[in-house]
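*Asks:* Protein chains in written order, with my numbering: chain G, 303 to 415; chain Z, 438 to 1030.
For glycine and all other residues, C-beta sits at the position ideal for the given N, C-alpha and C.
Bear in mind that the values here come from a model prediction, so they are computed numbers and not experimental data.
1) Distance cutoff 8 Å, beta carbons only. Does residue 392 of chain G sit that close to anything in chain Z?
2) So, does the CB of residue 976 of chain Z fall closer than 8 Å to a CB anywhere in chain G?
3) State the Cα-Cα distance for the pair residue 901 of chain Z and residue 576 of chain Z, rounded to the nearest angstrom.
4) Residues of chain Z with a CB under 9 Å from the CB of residue 397 of chain G: which are they?
5) Which residues mark the beginning and the end of the beta strand (DSSP E) in which residue 607 of chain Z is found?
6) Quick check on residue 459 of chain Z: buried or exposed, where buried means 16 or more other Cβ atoms within 10 Å of its Cβ?
7) Going by DSSP in three states, residue 369 of chain G sits in which element: helix, strand or coil?
8) Would the stretch 659-670 of chain Z count as touching the stretch 344-363 of chain G if we require 3 or more Cβ pairs under 8 Å?
9) Comparing C-alpha positions only, which one of Z:748, Z:837, Z:709, Z:623 sits nearest to residue 645 of chain Z?
10) Taking just the CA atoms, how far does residue 956 of chain Z sit from residue 988 of chain Z?
11) Taking C-beta to C-beta, are residue 632 of chain Z and residue 745 of chain Z nearer than 8 Å?
12) Taking the alpha carbon of residue 387 of chain G as the point to measure from, which residue in Z:867, Z:634, Z:728 has its own alpha carbon closest?
13) Taking C-beta pairs closer than 7 Å, name the residues in chain G that residue 736 of chain Z reaches, listed in chain order.
14) If you draw a straight line from the alpha carbon of residue 641 of chain Z to that of residue 820 of chain Z, how long is it in whole angstroms?
15) Check each residue of the stretch 949-974 of chain Z: if its Cβ is closer than 9 Å to any Cβ of chain G, include it; give the result in chain order.
16) To the nearest angstrom, how far is the alpha carbon of residue 998 of chain Z from that of residue 636 of chain Z?
17) Is residue 360 of chain G close to chain Z, meaning its C-beta is less than 8 Å from at least one C-beta of that chain?
18) In angstroms, rounded to a whole number, what distance separates the CA positions of residue 359 of chain G and residue 582 of chain Z?
19) Quick check: what's the CA-CA separation for residue 471 of chain Z versus residue 508 of chain Z?
20) Using the beta-carbon count (16 or more within 10 Å), is residue 874 of chain Z buried or exposed?
21) Examine chain Z for any beta-carbon lying closer than 8 Å to the beta-carbon of residue 334 of chain G, and answer yes or no.
22) In the DSSP assignment, find the alpha helix (DSSP H) that holds residue 790 of chain Z and state where it starts and stops.
23) Excluding five sequence neighbours on each side, which residues of the same chain lie with their C-beta closer than 8 Å to the C-beta of residue 672 of chain Z?
24) Could you name the residues of the stretch 690-710 of chain Z whose beta carbon sits closer than 7 Å to any beta carbon of chain G, in the order they occur along the chain?
25) What three-state label does DSSP hand residue 480 of chain Z in the structure shown?
26) How far does the alpha helix (DSSP H) with residue 536 of chain Z in it reach, from first residue to last?
27) Give a yes or no on whether 8 Å exceeds the smallest Cβ distance from residue 311 of chain G to chain Z.
28) Determine the direct distance from the alpha carbon of residue 413 of chain G to that of residue 305 of chain G, and round the result to whole angstroms.
29) Checking contacts by CB at 8 Å: is residue 409 of chain G closer than that to chain Z?
30) Considering only residues of the stretch 709-763 of chain Z, which uninterrupted alpha helix (DSSP H) runs meet the minimum length of 4 residues and lie entirely inside it, listed in chain order?
31) Given this structure, state the Cα-to-Cα distance separating residue 843 of chain Z from residue 488 of chain Z, to the nearest angstrom.
32) Establish whether the CB of residue 400 of chain G and some CB of chain Z are separated by less than 8 Å.
33) Which residue comes first and which comes last in the alpha helix (DSSP H) that contains residue 887 of chain Z?
34) In this structure, how does DSSP classify residue 364 of chain G when only helix, strand and coil are distinguished?
35) So residue 824 of chain Z is in the alpha helix (DSSP H); what residue range does that whole segment cover?
36) Can the beta-carbon of residue 941 of chain Z be found less than 8 Å from the beta-carbon of residue 985 of chain Z?
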């Protein structure tokens, strides 16, 4: 692992990187996307669970043939899961991967100095 | 050739094939750290399959299909919770965990904390969760294999559980993470093939019309509300004396459903055997890709449980699914009150003539062994041509062998996670205070795999009467209450500290276990662990069977209180953790203490 710096030197690298505008931007772009999306899918999931528990007559209504609202809502949970996965992948490859790789290379260079 | 012989041949073939893989993997292991992370060089696609193989347990394949077959829509709730849960892992856990840890969940939790207390807590909860989960799988293995091989002798069942335990010990000690990963990839592949085969055959029968399939399932179940939620979870409880709906008990029953949903969706990202899979890939990007592949596989599989479960309900007779109904001393089918079911002019119907009953009379039947765990294999037998045909025997044997492979892959993953945590967290960092050599550590890991395997064999033999789904639900509730709060706080909360970590893990763990002990699972009902008889002991002070609704918020609360009542702040280490977790800098390098 090359020359080991004193741990105070390393600490300085970590602290400076953390405070850098590039890192703060990466963090904002990650949290600003992942946190609201997490809140959204949890609300949507618990809405579904609560409806199946408390709105039994409503979810029992048929939509097409024997397929009722409960099945449609359940299948939509699958759809939304796949959709969120796709959205996050697109966001990461467009906005996060490049930024985090650049920072990683910069930090690793400084640590090896 | 009958299905028993064929099943046995397929089991042996699978075991032989995986043993070859595992021994080859064992020879290719070079560094001692390969035991933990398999060299850390699997691709996202390979790891995605392995995650699917590690995650989809007997509870998923047999349990969900069985629950849908018997209770209709409610089984589908499991499928949804188990899938949506992956979004927590994808959005919040997989990438930062890969970047900031090396071998165990404890690596991340103890990153900026005092090592000994936090690693001790992490190892404790890893062992508790994994052993509950292991017991569930091994009890399931005993039941399944003995059914498929036609063995009912209890001693033979114990031998099967012992055999499964010995196999998983071999997989883990010889192959380490690499060998276990290969077994899981092979299993995921087989499980998908089996599920696709059954799904296509079921849909074919109904001209690919899902509405017709559902309708047929409802008609053959004899239950008007089979396609709606509420036959198993969140039932309306009717007061026995007044005949009206009891509002309090009904509310409790519905809260229990929400509590279950909460444990399912929040448990996954706290399961140690799932978390350590993210260390087998080189980068955070590969960890993300592996979750994407896993979600694709797992989602497709859980969608197919609709066809498997409702297909079994529509095509397999309910007598076969339930493996019988209660009869009185004269052999007449009886209702829940013990009175022989009268059907029009017929005062007594025997078990052989259950299919002649009218729909109204069928509704009164009381099922025996209502686990439904063998619905999927029975469906396979039916689709192959039915009992006694060669096609039926082949299909039963193939699906049975796949279910067996499913169990083996999951138990191997669990044994690996718990022995890794024992060696790396407890032995190396708590007992030896970081002075153990990597070789010593791996030797301890292998010994602990043997010990943990042995303990779970003994526990599983003792636990054979327990419900498999119940044991899995406990594991999920403990993981969500004890592990998830600590993992999330560690990664995202600057102030989080040693006391917060220790309180959240032990607090969440103790809350979940205590609530379970005082729940109707353990006492107070005829179906409890300690069956309740009039005037007998009962201590079911907590009315919910699923503790998550209370214990998960408590886990978060304990972590919060522990953190704010302690003055310890480690800003410098948090800077390192945050930068490493977001960028992958210095990946794989040990943390300096």
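*Replies:* So, to answer that:
1) By this cut-off, residue 392 of chain G is not an interface position.
2) Cβ-Cβ to chain G under 8 Å: no for residue 976 of chain Z.
3) Cα to Cα, the separation comes out at about 5 Å.
4) Within 9 Å Cβ-Cβ: nothing; residue 397 of chain G doesn't reach chain Z, min ~13 Å.
5) Per DSSP, residue 607 of chain Z is not a residue of any beta strand (DSSP E); the alpha helix (DSSP H) it occupies stretches across 591-642.
6) Buried, because 16 or more other Cβ atoms sit within 10 Å of the Cβ of residue 459 of chain Z.
7) Residue 369 of chain G sits in a strand when the DSSP states are folded into three classes.
8) Yes: the two stretches touch, three or more of their Cβ pairs being nearer than 8 Å.
9) Among Z:748, Z:837, Z:709, Z:623, the Cα nearest to that of residue 645 of chain Z belongs to Z:748.
10) If I take the Cα positions, the gap works out to 13 Å.
11) By the CB criterion at 8 Å, residue 632 of chain Z and residue 745 of chain Z fall inside the cutoff.
12) Looking at the Cα atoms, Z:728 is the closest of the given residues.
13) Neighbours of residue 736 of chain Z on chain G, chain order: 380, 383, 384.
14) Whole-angstrom Cα-Cα distance: 10 Å.
15) When C-beta distances to chain G are compared with 9 Å, every residue of the stretch 949-974 of chain Z stays at or above that value.
16) So the two alpha carbons sit approximately 50 Å from each other.
17) Not one beta carbon of chain Z lies nearer than 8 Å to the beta carbon of residue 360 of chain G.
18) Rounded to the nearest angstrom, the gap between the Cα atoms of residue 359 of chain G and residue 582 of chain Z is 41 Å.
19) Counting only the Cα atoms, residue 508 of chain Z lies some 45 Å from residue 471 of chain Z.
20) The residue in question, residue 874 of chain Z, is exposed, as its Cβ has fewer than 16 Cβ neighbours within 10 Å.
21) Chain Z, which has no Cβ nearer than 8 Å to the Cβ of residue 334 of chain G, makes this no.
22) Residue 790 of chain Z -> no alpha helix (DSSP H), and no H or E assigned at all.
23) Counting only Cβ-Cβ distances below 8 Å, and skipping sequence neighbours, we find 687, 690.
24) Listed by position, the residues of the stretch 690-710 of chain Z near chain G (Cβ gap below 7 Å) are 691, 694, 695, 698, 702.
25) DSSP places residue 480 of chain Z in coil when its eight states are reduced to three.
26) Its alpha helix (DSSP H) spans residues 531-537.
27) Answer no: the Cβ-Cβ gap between residue 311 of chain G and chain Z never drops below 8 Å.
28) Its pLDDT being 40, under 50, residue 305 of chain G is placed unreliably by the model, and the measurement read from it follows with that caveat. Whole-angstrom Cα-Cα distance: 9 Å.
29) At least one C-beta of chain Z is nearer than 8 Å to the C-beta of residue 409 of chain G.
30) Listed in chain order, they are 709-712, 721-752, 755-759.
31) So the alpha carbons of these two residues sit roughly 12 Å apart.
32) Residue 400 of chain G does not count as touching chain Z.
33) Secondary structure note for residue 887 of chain Z: its alpha helix (DSSP H) is the uninterrupted segment 875-899.
34) Three-state DSSP puts residue 364 of chain G in a strand.
35) If you look at residue 824 of chain Z, you'll find it isn't in any alpha helix (DSSP H); DSSP assigns it neither H nor E.
36) The answer is no: Cβ separation not under 8 Å.
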